[in-house]
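Residue numbers (UniProt numbering): 1 to 133. Heads up, the beta-carbon is just placed ideally off N, CA and C, and yes, glycines get one too. The model shown is predicted, which means the values in this text are computed figures rather than measured ones. Heads up: the structure comes next, in structure tokens.
Right, dumping it as structure tokens:
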């Protein structure tokens, strides 16, 4: 089983907590950082962390740099980092917009926090498909 290095960008603290707990519990991800918006993520990346993430999972709607900004910036500045977008919206046009912008894929957030186990399992499959695993 492959373990992916992950950075999470989510402005809602409760959502980020439950998301992170599910990723840690899976044993399939090593969380290198958790950030409240894209500004915090890019500041951390520019500080040259010891190890870069393979994956960034980013919410779309956040104050400051949002998910679309992250997709745009990382595809040019850090092309080896795969950006996956997430949102409560499961509208097809949202996924298509993310993919056109350069995201590797899009995954809708669960309706309730306790459903993050299946979200993480689905995300792991997407990561394996996109990066090999």
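- Message: Does the structure place the stretch 57–74 close enough to the stretch 31–42 that three or more beta carbon pairs sit under 8 angstroms?
- Response: yes
- Task: Output yes or no for whether 9 angstroms exceeds the beta carbon distance between residue 29 and residue 124.
- Result: yes
- Return the first residue and the last residue of the beta strand (DSSP E) that residue 60 is part of. Run containing residue 60: none; DSSP gives neither H nor E here.
- Proximity test, residue 42 beta-carbon vs the ligand ZN heavy atom, cut-off 8 angstroms: This structure lacks the ligand ZN, and indeed carries no ligand of any kind.
- Item | Backbone CA spacing between residue 141 and residue 75 [nearest angstrom] | The structure shown has nothing for residue 141, since the chain only spans 1 to 133.
- Message: Is residue 66 close to chain D? Criterion is C-beta to C-beta, closer than 9 angstroms.
- Response: Among the chains of the structure shown, chain D does not appear; only one protein chain is present.
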